[in-house]
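**Student:** 1 is the number of the first residue of the sequence shown in the UniProt record's numbering; add one for each residue after it.
Beta carbons: idealized from backbone N, C-alpha and C, even for Gly.
None of the values given here were measured: they were computed from a predicted structure.
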Amino acid sequence: MDEQIIKIEQLTKDLEKIANQQEISNQLAKMEERIKNKEEDIKSRKAHKFNRDKLDYEHGRIYTFAQKYDSVRTKDVSKSGAEVAIHHTSADDSSEIGSSADEAPRNKLDFQGEMHLMQMVTPPPGQNRRRGRGSGRRGRARGRSNQHKE
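(1) How many angstroms separate the CA atom of residue 155 from the CA atom of glutamine 21?
(2) By the three-class DSSP mapping on this structure, what secondary structure does methionine 31 have?
(3) Classify lysine 79 as helix, strand or coil using the three-state DSSP reduction.
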């Protein structure tokens, strides 16, 4: 009887070992599958990004870093806009009735000067934005604690 009990205990231990090994192998297979899926996913994403950039390049939409991630505006759009503006001003000069030869260049200079002024006047983004002319105290929110009573 004792020998049989010992044999049975040995067999159960062997069975438990086999079961553990099978479980571990199953877990390993699952992990390998997950890793493979993730690798494929990453590859496809990289390919997609590459194709998208390539398409943008082919269509002439070459972005600077800031334009790509902050705004929708592309280089070719801004370039065409500038060309249109120059063309527009020259057309206006020629269409004016009685425009003399010395008047047209002055208009162009004036236009450039305006652009220059606009660039100078615009403050850097941040706190300076609110302080225009005549904003006085309204520029800074002072003494506005009783706003909810109104």
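**Tutor:** Answer, in terms of the structure:
(1) Here the chain has residues from 1 to 150 only, and residue 155 is not among them.
(2) helix
(3) Per-residue confidence for lysine 79 stands at a pLDDT of 47, beneath the threshold of 50, marking its modelled position as unreliable; no derived number is given.
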